[in-house]
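Note that the sequence shown covers residues 5 to 403 in the working numbering. For each residue, glycine too, the CB sits at the ideal point set by N, CA and C. Keep in mind the model is a prediction, meaning the values are calculated, not measured.
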Amino acid sequence: MKHILLAVTGGIAAYKAIDLTSKLTQAGYEVRVMLSNHAQEFVTPLAFQSISKNPVYTNTFKEENPQEIQHVALGDWADVIIVAPATANTIAKLSVGIADDMITSTLLATETQTFIAPAMNVHMYENKRTQHNIETLKSDGYQFIEPGDGYLACGYVAKGRMEEPLQIVSVINQYFNQHETQIESSFKGKNALVTAGPTVEVIDPVRFVSNRSSGKMGFAIATALQKRGANVTLVSGPTQLDDPKGVNVIRVESAKEMFEETLQYYDTQDIVIKAAAVSDYTPSEVLDHKMKKQDGDLTVKFKRTQDILKYLGEHKQDQYLVGFAAETQNIEQYAQDKLKRKNADVIISNNVGDKSIGFNSDENELTMHFKNQDMVNIKKGKKVEIANEILDELETRWQ
Ligand code: PMT
Numbered sequence: 005m006k007h008i009l010l011a012v013t014g015g016i017a018a019y020k021a022i023d024l025t026s027k028l029t030q031a032g033y034e035v036r037v038m039l040s041n042h043a044q045e046f047v048t049p050l051a052f053q054s055i056s057k058n059p060v061y062t063n064t065f066k067e068e069n070p071q072e073i074q075h076v077a078l079g080d081w082a083d084v085i086i087v088a089p090a091t092a093n094t095i096a097k098l099s100v101g102i103a104d105d106m107i108t109s110t111l112l113a114t115e116t117q118t119f120i121a122p123a124m125n126v127h128m129y130e131n132k133r134t135q136h137n138i139e140t141l142k143s144d145g146y147q148f149i150e151p152g153d154g155y156l157a158c159g160y161v162a163k164g165r166m167e168e169p170l171q172i173v174s175v176i177n178q179y180f181n182q183h184e185t186q187i188e189s190s191f192k193g194k195n196a197l198v199t200a201g202p203t204v205e206v207i208d209p210v211r212f213v214s215n216r217s218s219g220k221m222g223f224a225i226a227t228a229l230q231k232r233g234a235n236v237t238l239v240s241g242p243t244q245l246d247d248p249k250g251v252n253v254i255r256v257e258s259a260k261e262m263f264e265e266t267l268q269y270y271d272t273q274d275i276v277i278k279a280a281a282v283s284d285y286t287p288s289e290v291l292d293h294k295m296k297k298q299d300g301d302l303t304v305k306f307k308r309t310q311d312i313l314k315y316l317g318e319h320k321q322d323q324y325l326v327g328f329a330a331e332t333q334n335i336e337q338y339a340q341d342k343l344k345r346k347n348a349d350v351i352i353s354n355n356v357g358d359k360s361i362g363f364n365s366d367e368n369e370l371t372m373h374f375k376n377q378d379m380v381n382i383k384k385g386k387k388v389e390i391a392n393e394i395l396d397e398l399e400t401r402w403q
């Protein structure tokens, strides 16, 4: 069952949102509703609760479940968000990133596709500022459900009426229909394993060696694969990121644990993508007690970790093996060398010397190096978009 999060803001058209909740529920969607304070001047949470059969969210600080942050969890839960009615005020706040209540905080904290159904007085709607805000949001990927012409509560007969609930349901149905066909993919039903994040190599109970990987690149790839219908296992080192929806997430700490968990799954995988920044070295000895400081310098002896990608390359059956290469110089040469040495099918290189991409950034810029010497550059962009471009490139080549 698809999840719809309906955000109701403060205009007289809020009464239509009750009908919209009912129509969405009847169409087979599970609906949760957020009401702004101003919306509650027109309609009550109880009306929406009774129809949606779910709790209604009104206050960012009323955290009912200590296991989650509500305004983040709600956005993650939703397959689609609808703001209906959307006032000029909410549209303006969203366009500049203001998050001062439950609805705007949720909208700012989500990457879920959001539909906005404005409702307001015609002059407010046509006001240059409102139109500018709408254009900004459209160019950022928000989809607008245009208001219709008709009798407005202010007495005008003009454009500004919130679109009729049945019409909104049909827009949402259409979106899901198209979206389902879009995810027709060669990864559908395949087993995919992705590694992500750093590893942590312990020196003593309080110290460790690690790196700056945030996990964003690997998590974006795992999410994109899941959306294309793959059965995804994500083996991740420690990160601040939430588990992607529908992905089997295995959290590990050290390179050794990452190796062991990856091996557990390797035999059954069709494709493996290794975006993790695995430590090449680990302390030769892990101390049971905190190392005491002493005069003079300190030397810690390290030993090599297992090169997981190389091991997988050596023990490959039919798996398609994609590795990454984090380089700061001679990028192409080192990537080609890794392709051969690790028996990978593709190496994806990134210049981690550039601070605006690579480690811990929201963006990346990559080159895919294929075995047949093809090279494909992926231009700088958000990691979530880059992940899809990587998969688009692999779609036809990987089998
Ligand atoms: O996590 P983010 O903050 O989003 O950053 C993304 C990233 C920069 C970490 C990612 O894009 C990336 O480049 N990942 C690979 C980092 C790395 O360790 O590269 P490497 O050149 O050292 O290793 C080459 C390949 O061998 C990698 O696929 C790596 O996972 C693998 N490897 C390395 C060492 C080791 N002991 N075992 C391995 O499997």
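Item, Value
"Selected residue, minimal CA-CA separation from ALA88, among PRO209, THR371 and GLY14", "GLY14"
"Three CB pairs or more closer than 8 Å across the segment 133 to 146 and the segment 38 to 45", "no"
"Every unbroken beta strand (DSSP E) inside the segment 146 to 189 [3 residues or more]", "152 to 155 and 161 to 165"
"Every unbroken beta strand (DSSP E) inside the segment 265 to 345 [3 residues or more]", "275 to 278, 285 to 287, 306 to 308 and 324 to 331"
"Secondary structure of SER99, DSSP reduced to three states", "helix"
"Cβ separation of LYS278 and THR371, assumed to be a contact under 8 Å, to the nearest whole Å", "Not quite, the Cβ-Cβ distance comes to about 16 Å (not below 8 Å), so this is no contact."
"ALA339 versus SER353: straight-line alpha-carbon distance, rounded", "6 Å"
"Burial state of LYS346, where buried means 16 or more other Cβ atoms lie within 10 Å", "buried"
"Proximity test, ALA113 beta-carbon vs the ligand PMT heavy atom, cut-off 7 Å", "no"
"Beta-carbon contacts of GLY327 that lie in its chain and below 7 Å, excluding the five residues immediately before and after", "LYS278, LEU313, LYS342, LYS346, ALA348 and ILE351"
"Distance cut-off 7 Å: LYS384 Cβ against heavy atoms of the ligand PMT", "no"
"Three-state secondary structure (DSSP) of ALA121", "strand"
"As assigned by DSSP and simplified to three states, the class of PHE65", "coil"
"Own chain, CB closer than 8 Å to PHE363, minus 5 neighbours either side, in chain order", "ASN215, ARG216, SER217, SER218, ALA281, ALA330 and VAL356"
"Cβ-based burial, SER54 [other Cβ within 10 Å; buried from 16]", "exposed"
"Identity of the residue in SER283, ARG211 and TYR324 nearest ASP274 by Cα", "TYR324"
"When ILE361, GLN178, PHE374 and LEU302 are compared against GLU336, the one with the closest alpha-carbon", "PHE374"
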